[in-house]
Structure formats: C-alpha cells, structure tokens
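J.:
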Amino acid sequence: MSRYPAEADERSLIVEAQRDASRFAALYERYFDRVYAFVVSRLHDRDAAEDLTSQTFHRALENLPKFEWRGVPFSAWLLRIAANAMADRWASAGREQGHPSPEPSETIDTDAIENRARLFGLVRKLPPEQRRVVLLRFVEQRSIREIATALQKTEGAVKQLQFRALQSLRETMVKVGKRIGARK
Amino acid sequence: MAKQNLSLQLDAAITALLARGDSFVPAAGAELAPLVSMAIDLRELPRESFRARLKSDLERRTTMSTNATPARDAGGTGQAAGAGVNWKREGFRTVTPYIVVDGAGKLMDFVKAVFGATERFRVPRPDGKIMHAEASIDRSIIEMADATAQYPARPMPIHVYVRDVDAAYARALAAGATSYYAPVDQEYGDYDCAVRDALGNNWYIGARKGADPIPSDVPNLMPFIHATGTQKVIDFMKAAFGAEEMLKVEAPNGTIVHAKMRFGGDAVIELSEARGVSDPLPGLMHMYVPDADAAYARAVAAGATSLNAPADQPYGDRSANLMDPFGNMWTVATHIKDVVF
Chain P
0 MSRYPAEADE
10 RSLIVEAQRD
20 ASRFAALYER
30 YFDRVYAFVV
40 SRLHDRDAAE
50 DLTSQTFHRA
60 LENLPKFEWR
70 GVPFSAWLLR
80 IAANAMADRW
90 ASAGREQGHP
100 SPEPSETIDT
110 DAIENRARLF
120 GLVRKLPPEQ
130 RRVVLLRFVE
140 QRSIREIATA
150 LQKTEGAVKQ
160 LQFRALQSLR
170 ETMVKVGKRI
180 GARK
Chain W
0 MAKQNLSLQL
10 DAAITALLAR
20 GDSFVPAAGA
30 ELAPLVSMAI
40 DLRELPRESF
50 RARLKSDLER
60 RTTMSTNATP
70 ARDAGGTGQA
80 AGAGVNWKRE
90 GFRTVTPYIV
100 VDGAGKLMDF
110 VKAVFGATER
120 FRVPRPDGKI
130 MHAEASIDRS
140 IIEMADATAQ
150 YPARPMPIHV
160 YVRDVDAAYA
170 RALAAGATSY
180 YAPVDQEYGD
190 YDCAVRDALG
200 NNWYIGARKG
210 ADPIPSDVPN
220 LMPFIHATGT
230 QKVIDFMKAA
240 FGAEEMLKVE
250 APNGTIVHAK
260 MRFGGDAVIE
270 LSEARGVSDP
280 LPGLMHMYVP
290 DADAAYARAV
300 AAGATSLNAP
310 ADQPYGDRSA
320 NLMDPFGNMW
330 TVATHIKDVV
340 F
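Chains P and W, in that order, are what the protein sequence lines are.
Each residue of the first sequence is one higher than the one before, counting from 0 in numbering that gives the first Met the number 0.
Each residue of the second sequence is one higher than the one before, counting from 0 in numbering that gives the first Met the number 0.
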C-alpha cells in the first residue's frame, strides 16, 4: 500500500474523522511526519518543533469540521496551519523583544518535506537494533561509547550497525524515489 | 575490511556533524556523501516519545468530546485525566500482578480458601477456561488467566500481609500448597512463612509484629521479583516507569537481599537476588499509567521489547505489552472508558 494515499482514500479518512472525531488518529498517523518535517526544517530546534507540531494538530482537530474538500491536499491545509502557528510565534517573539522578527518564508518546498518525512517513517521500519542505534545517536545525541555500553556491544559493532542502518535507509529512499518519479 | 573502514569514516563525519549542530557539512568521499547528507536530515528526527504522547493527547481529547461517560470521583489516588473516566480502573492500584497459569480456576479457589478473596468477576473462554478473572484480597486486586499458546504459564511470587499467619499457612497447606518454611519471627520485624501453590506460584504470607499486623506504609499485597542482577532490574524500573527506590538492603558482598520499588504512590514491587528456593520467576505486571503511549515509548527506550504496540482494547483500556530484558512482562494501560462486563 502506498504511504501517500490516493485522493479518494485521503478524502474518506477526512470525512470519517469529521463524522467521528475519534478517527482523527488515522489522519495524525498519516501526516505526523510531514508536519514535523516541515516545522523542524524551519525551526531547527526539537523542543520548539514539538511545541509547534502539537499546536498544529490541536488546531487541525478543532477546525476539522470547517475543512472543505476543494481539491487542495489535506497535507497542504495542515502545513498552512503550521505556517500560521509559526508566524504567530515569530510575531509574539518579536513583540517581546521589542523589534520585528523576520517573516517566515512563504514558499513551502513540498518535495523536500515529503522526502524528509519519508526518511523519518523509514527509520521506524529498521530492524530493532539498527533503529535503536539511530535513535540514540541522532535523537538522544549519545556518543558511540555510550551506545555501546547501553547495548552491551563493542564500539566497532555499534559503528557497523549505524553504517548498515544508514545504508539501508539510503537504498530504500532511492527505490521509493524511483517509484514515485515513475508515477509522476 | 573496506566496509569497516567506511563505517569508521561515516562515524567520524557524523561525530563532526553532531558536534557542530549548524549547517556545516563534513567532507566525504563519493560513496559516503549520500549517507552524510541523510545524516543531516536524521539530526532532526522526531522523538518517538513525543509522537506517541501527542497522539495520546489528541485521542484523549477526542475520546473526551465523544464519550458521554459522566466524570467520576478520582478517589484521591487516581487523578482524573482532565474529565471523563479515571485513568486507573476503579479499585486498581498502579501495579497489579497478573498471574497466568494452567488452571486459573484452581488459583481462584486457592486465593478464596487461603486469603478469603472475593471474586470480582470472570470471563470464560468457549472451552470453559478463564480468559480473564479478578479477585480482591483486602485492599488489593490480583488478575489471572489460563495460559494460551501466545501467553504460556508464568507463575510468580506474591507477598501478602494477613492478620493471622498461622491460620493462613494451615489453610494454604490444606489447599494443596507445599511449605518452604513454616511461620517464623524475622529480624526485619515480620512474622512470616512461605509456600508454593500447586500451580507453581510462591506465596510469602506475613504479618507485621506489633499493633497492626497489616502495615500501612506498603500495600497489603505486593508482587515479588527474584532476579539475577537485581540492580539492573531496579535501574530499568526507574528509567522505564519512573519507579522510586523505597528500600534497598545489600549483603556485605553487594548482593541485594531485599528492595522495594514504589510505583505511582500506591503500589510496591519487591525484589531480591534469586537464590535457593527463590528461583527467578519472571512475572506479568499490569500497570496503569496516565499515558500508555508515553510509558510504552519510555519503556522501549529503556530497553524493553515491544510485544504489542499501544491499542484501544474492547474492555475500555488502551494498552501495550512489553518484555523487559530480564523476562518480566509489563502491560502498560490507560483506562479510557468504562465498559460493563
């Protein structure tokens, strides 16, 4: 099954969630990585990105009944909410510091965001040991020595796991990229 | 050899990348360049615990807005999750031992005969075996089920405080248990005995010496873990579930002879290093938490293996199953709606 659903599939998920809010989780699962990838690409700060991603989904849940299908992808609607939340944040930070803050860029590079979101999703599908090494190294920012101690492995073995994980992510990214390129 | 060399080069580039934290791109050969460029994106990988927590927050919000269940008194210890239902099922402590045996019906008979337990309810399977049953012993609950291929028997040790140890010991033997040791005064201030029931569970039956045989500083019923490497289990409980160390008694050689870990203010798990009759008997703990998804993510990060990811269950809990590195199973659950059984 494609990670990026056909329009009809996306539409039915939205209609179900509009009818029954408890179905919103399915939309969240589908779009979390894209919203987070977009926000973090602008903020480059994990705590701020979490805050904004959280605001985005809470606002989306509140406003879902107002969402009307006009052929604009749901992800674009979510990214617009995220962009507005970021603009609010910048405006309020500017007010607090007594000077105007830089305006966030208006353009959204959808391909770059989708690529990064796809990468985030693929990390979850890595074999458990490789996944753990990637999370400890990149999210927790632990040293190879610390990871080796935590996993009771040699430092060389952890470096190998890290290498294999990135290699496998790269191979899958290239494969998926080709498939999507062929569809376009 | 070449691969090993590449893994070293890649790690050197990643180390430089993580140390700088800006838009610096370390130099890399043609073979490594795509991996390094991907490592730049991986620096911004989301925290799994955040993803799970936000999902749980959103679900709680939608459940609250669609659930017509009236708000209930949190009862002091359970703390309602904003509105709607309490995150712990009524009557439950944070941790409840869940005993899976070949013969759950016999276990129910045993706890009724020995401890005067009250059967809360049982859910039979079509073949007459017990899918799930609950019994109250004084102020605590134990859960039980018949073993299946997926969940084989896991008899476990339980420590129960009673008013009359001698009488309970006699009833246990009459109900088919084998004695490990008869009631005796212990230097730690209890009068206690130990038996193993016919299904393989160890029961440590005691009374506090002094005014009240049932102490108020610990629950009247506590699951016990005999571990090989108790300190590691303690460290895991702290990292995974935020458990607090209440007591740790070490022998001169550093072996932990007794420890108590407090969970959520109303539950305690006891531990000791496995030795002699107290073989490791890894158990199954049913733990209520305010946010099962977040607890699940923390437990996985602390080294637990996921058996089932968090999911809404037909009996009104959202729960996940995990196996810790020492063989104990943990069901982390948040009660999300009341279901009439």
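Every residue gets a Cβ at the ideal spot worked out from N, C-alpha and C, and that includes glycine.
With a CB to CB cut of under 8 angstroms and the five nearest residues on each side skipped, what residues in its chain are close to W/Ala193?
T.: Indexing the second sequence from 1 puts residue 193 of chain W at position 194. Closer than 8 angstroms at the Cβ level, and outside the excluded window around W/Ala193, lie Ser178, Tyr179, Tyr180, Asn201, Trp202, Tyr203, Ile204 and Val276.
J.: The alpha helix (DSSP H) with P/Asn114 in it runs from where to where?
T.: For the purposes of this step, residue 114 of chain P is taken as the residue at position 115 of the first sequence. Note, P/Asn114: alpha helix (DSSP H), Thr109 to Val122.
J.: With 16 other CB atoms within 10 Å as the buried threshold, where does W/Val183 fall?
T.: The count along the second sequence starts at 1 and reaches residue 183 of chain W at position 184. With fewer than 16 other Cβ atoms within 10 Å, it is exposed.
J.: List, in chain order, every chain P residue whose beta-carbon is nearer than 8 angstroms to that of W/Arg42.
T.: Here residue 42 of chain W refers to the residue found at position 43 when the second sequence is read from its first residue. Correct list: Phe137.
J.: With DSSP as the reference, label W/Tyr97 as helix, strand or coil.
T.: What you label residue 97 of chain W is simply residue 98 of the second sequence in a count that begins at 1. Strand.
J.: With 8 angstroms as the limit, tell me which residues of the segment 51–75 of chain P have their beta carbon closer than that to any beta carbon of chain W; keep them in chain order.
T.: Flagged, chain order: Thr52, Ser53, Phe56, His57 and Leu60.
J.: Got a sec? Which residues, its chain only, sit under 6 angstroms from P/Val34 by beta carbon, not counting five neighbours each side?
T.: Against the first sequence, residue 34 of chain P aligns to sequence position 35. For P/Val34, where only same-chain residues beyond five positions count, the Cβ hits under 6 angstroms are Thr52, Thr55, Leu77 and Ala81.
J.: Which residues of chain W have a Cβ atom closer than 7 angstroms to the Cβ of P/Ile13, listed in chain order?
T.: In the first sequence, residue 13 of chain P corresponds to position 14, counting from 1. The contacting residues do not exist; P/Ile13 stays about 14 angstroms from chain W at best.
J.: What are the boundary residues of the alpha helix (DSSP H) that includes P/Ser40?
T.: The sequence position of residue 40 of chain P within the first sequence is 41, counting from 1. First-last of the alpha helix (DSSP H) with P/Ser40: Phe23 to Leu42.
J.: For W/Gln185, I'd like the list of residues in its chain whose CB is within less than 7 angstroms of its CB, leaving aside the five on either flank, ordered along the chain.
T.: For the purposes of this step, residue 185 of chain W is taken as residue 186 along the second sequence, with counting starting at 1. Closer than 7 angstroms at the Cβ level, and outside the excluded window around W/Gln185, lie Asp191.
J.: For the beta strand (DSSP E) that contains W/Arg317, what are its first and last residues?
T.: Against the second sequence, residue 317 of chain W aligns to sequence position 318. Element bounds for W/Arg317: Asp316 to Met322.
J.: Ends of the beta strand (DSSP E) at W/Ser178?
T.: For the purposes of this step, residue 178 of chain W is taken as residue 179 along the second sequence, with counting starting at 1. Counting along the chain, the beta strand (DSSP E) containing W/Ser178 begins and ends at Thr177 to Asp184.
J.: Ordered along the chain, which non-local residues of its own chain (more than five positions away) have a Cβ less than 8 angstroms from that of W/Pro123?
T.: Stepping through the second sequence from its first residue, residue 123 of chain W is reached at position 124. Closer than 8 angstroms at Cβ, skipping near neighbours: Ile129 and Met130.
J.: Shortest alpha-carbon distance to W/Thr349 belongs to which of W/Lys336, W/Asn320, W/Ala148 and W/Asp265?
T.: There is no way to answer for residue 349 of chain W, as the model of chain W reaches only from 0 to 340.
J.: Using 8 angstroms as the limit for Cβ to Cβ distance, is W/Ala51 near chain P?
T.: On the second sequence, position 52 is the one that residue 51 of chain W refers to. For W/Ala51, the answer is no, since every Cβ of chain P falls outside 8 angstroms of its Cβ.
J.: Should P/Val71 go down as buried or exposed, given a rule of 16 or more other Cβ atoms within 10 Å for buried?
T.: The residue labelled residue 71 of chain P in the question sits at position 72 within the first sequence. The residue in question, P/Val71, is exposed, as its Cβ has fewer than 16 Cβ neighbours within 10 Å.
J.: Anything in chain W within Cβ reach of P/Phe31, meaning under 7 angstroms, just list it in chain order.
T.: To locate residue 31 of chain P, count along the first sequence from 1; it is residue 32. Correct list: Arg50.
J.: Determine which residues share a DSSP beta bridge with W/Val159 and list them.
T.: For the purposes of this step, residue 159 of chain W is taken as residue 160 along the second sequence, with counting starting at 1. Per DSSP, W/Ile204 and W/Leu220.
J.: Any beta-carbon of chain W closer than 8 angstroms to the one on P/Val132?
T.: Sequence index remark: in the first sequence, residue 132 of chain P carries index 133 (1-based). No, no contact with chain W.
J.: Report yes if the C-beta distance between P/Val157 and W/Leu41 is below 8 angstroms; otherwise report no.
T.: Stepping through the first sequence from its first residue, residue 157 of chain P is reached at position 158. Stepping through the second sequence from its first residue, residue 41 of chain W is reached at position 42. No. Outside cutoff.
J.: If you compare alpha carbons, which of W/Arg195, W/Leu270, W/Leu246 and W/Arg261 is closest to W/Gly228?
T.: For the purposes of this step, residue 228 of chain W is identified with residue 229 of the second sequence, where counting begins at 1. Per the Cα distances, W/Leu270.
J.: Scan the segment 103–122 of chain P for residues whose Cβ lies nearer than 9 angstroms to a Cβ of chain W and list them as they occur along the chain.
T.: Taking 9 angstroms as the Cβ-Cβ cut-off against chain W, the residues of the segment 103–122 of chain P that qualify are Asn114, Arg115, Leu118, Phe119 and Val122.
J.: By alpha-carbon positions, which one of W/Met245, W/Thr14 and W/Ile141 ends up nearest to W/Met155?
T.: Translated into positions along the second sequence, residue 155 of chain W becomes position 156. Nearest C-alpha to W/Met155: W/Ile141.
J.: Starting from W/Tyr287, follow its DSSP beta bridges and name the residues at the other end.
T.: Working through the second sequence from its first residue, we reach residue 287 of chain W at position 288. Beta-bridge pairing links W/Tyr287 to W/Ala332.
J.: Measure the Cβ-Cβ separation of W/Pro309 and W/Arg317 and say whether it is below 8 angstroms.
T.: Here residue 309 of chain W corresponds to residue number 310 of the second sequence, with the count starting at 1. Here residue 317 of chain W corresponds to residue number 318 of the second sequence, with the count starting at 1. Closer than 8 angstroms, so yes.
J.: Name the residue from W/Asn327, W/Ala293, W/Ile13 and W/Asp323 whose alpha carbon lies nearest to the alpha carbon of W/Leu283.
T.: Counting from 1 along the second sequence, the entry for residue 283 of chain W is found at position 284. Ranking the options by Cα distance to W/Leu283, first place goes to W/Asn327.
J.: Just the C-alpha distance for W/Met245 and W/Glu133, rounded to the nearest angstrom, thanks.
T.: Residue 245 of chain W sits at position 246 when you count from the first residue of the second sequence. Residue 133 of chain W sits at position 134 when you count from the first residue of the second sequence. Spanning the two alpha carbons is a distance of roughly 28 angstroms.
J.: Quick one: list the residues of chain W neighbouring P/Pro169, beta-carbon separation under 7 angstroms, in chain order.
T.: One-based indexing of the first sequence puts residue 169 of chain P at position 170. Before going further, note that residue 169 of chain P is Arg rather than Pro in the sequence given. By Cβ distance, chain W contributes Pro33, Leu34 and Met37.
J.: Any residues in the segment 302–327 of chain W with a beta carbon nearer than 7 angstroms to a beta carbon of chain P? Which ones, in chain order?
T.: Those residues of the segment 302–327 of chain W that come within reach of chain P (Cβ to Cβ, closer than 7 angstroms) do not exist; the list is empty.
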